[in-house]
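**Student:** Sending over a structure as structure tokens; questions will come in a sec.
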Amino acid sequence: MSLDAREFRDAMGCFATGVTVVTAKSADGEKVGCTANSFSSVSLDPPLVLWAIAKNANSYDTFMAAKHFAIHVLHSGQEEVSRLFATKEADKFGQVPWTEGQEGTPLLEDYSVRFECTTEHRYEGGDHIIIVGRVHTMDNPDAEPLGFYQGKYAKIVTG
Ligand SMILES: Cc1cc2nc3c(=O)[nH]c(=O)nc-3n(C[C@H](O)[C@H](O)[C@H](O)COP(=O)(O)O)c2cc1C
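The numbering of the sequence shown is my numbering, which starts it at 1062 and goes up by one.
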């Protein structure tokens, strides 16, 4: 059975997610960042998370080589940050406050939760590569998260 790509994308869009920005630095010092909702927890012991990078992303080569990366779960006031890091804009980091983490990994200063990771595994995933990271540090100011559902940003209501 062959699936229609549009219908598959629409069906996957019914799985509500949060939104993250994943960042890393290349060997020659270039900072990269990519909006990603493929993020998921994997293991508690050891603490592992995953996300998937498209093979045609500009930042693909950097993430394939990076030993360190950071994942920022966005809060509900960060739609613009999500949009910025979902573009091919050359100077994404000129438009947001950031600092340096482990081995110079660029860290956004604003987020709901932030994880600093080392790359543990990479797996083939069709037109993506699945990157598994081990979490070394985390910071959780616990702001209301930004949601994403059916191709639109969404408010997460609890209780
Ligand atoms: C809500 C949302 C979720 C996304 N999730 C992913 C993802 O999980 N993996 C991915 O490779 N691209 C994802 N994208 C697309 C990338 O953010 C986009 O292709 C971006 O241009 C990549 O930046 P780069 O080309 O500079 O690497 C997502 C975009 C949006 C808006």
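For each residue, glycine too, the CB sits at the ideal point set by N, CA and C.
Can you round the beta-carbon distance between Leu1168 and Glu1161 to whole angstroms, since I take them to be within the 8 Å contact cut?
**Tutor:** Confirmed, about 7 Å.
**Student:** May I ask whether a heavy atom of ligand 1 can be found less than 7 Å away from the beta carbon of Ile1191?
**Tutor:** Outside the cutoff, so no.
**Student:** Please work out which residues of its chain come closer than 7 Å, Cβ to Cβ, to Val1134, disregarding the five sequence neighbours upstream and downstream, and give them in chain order.
**Tutor:** Taken in chain order, the residues that qualify are Gly1079, Thr1081, Tyr1172, Ser1173, Val1174, Pro1206.
**Student:** Any heavy atom of ligand 1 within a distance shorter than 7 Å of the CB on Trp1159?
**Tutor:** It does not: the Cβ of Trp1159 is nowhere closer than 7 Å to a heavy atom of ligand 1.
**Student:** Quick one: grab the DSSP three-state call for Ser1173.
**Tutor:** Correct three-state label for Ser1173: coil.
**Student:** My parser needs the alpha helix (DSSP H) runs of 4 or more residues fully inside the region 1105 to 1145; what are they?
**Tutor:** 1121 to 1126, all fully within the region 1105 to 1145.
**Student:** Helix or strand or just coil, what does DSSP make of Asp1200?
**Tutor:** Strand.
**Student:** So does the region 1181 to 1195 actually touch the region 1095 to 1113, counting three or more Cβ pairs closer than 8 Å?
**Tutor:** At 8 Å Cβ cutoff, the stretches touch.
**Student:** Any heavy atom of ligand 1 closer than 7 Å to the beta-carbon of Ala1097?
**Tutor:** Yes - ligand 1 has a heavy atom lying nearer than 7 Å to the Cβ of Ala1097.
**Student:** Enumerate in chain order the residues of its own chain whose CB-to-CB distance from His1043 is below 6 Å, with the five nearest sequence positions on each side excluded.
**Tutor:** Only positions 1062 to 1220 of the chain appear in this structure, which leaves residue 1043 out of reach.
**Student:** Between the alpha carbons of Phe1218 and Cys1178, how many angstroms are there, rounded?
**Tutor:** The displayed chain sequence assigns Val, not Phe, to residue 1218. So the alpha carbons of these two residues sit roughly 29 Å apart.
**Student:** Does DSSP classify Lys1153 as helix, strand or coil?
**Tutor:** Three-state result, Lys1153: helix.
**Student:** Which residue from Gln1139, Asn1119, Leu1064, Lys1086 puts its Cα closest to that of Lys1149?
**Tutor:** Out of Gln1139, Asn1119, Leu1064, Lys1086, Asn1119 has the C-alpha closest to the C-alpha of Lys1149.
**Student:** How is Gly1165 classed by DSSP in three states: helix, strand or coil?
**Tutor:** It is helical.
**Student:** For Cys1178, which residues does DSSP report across the bridge?
**Tutor:** BP columns for Cys1178 point to Phe1130, Val1196.
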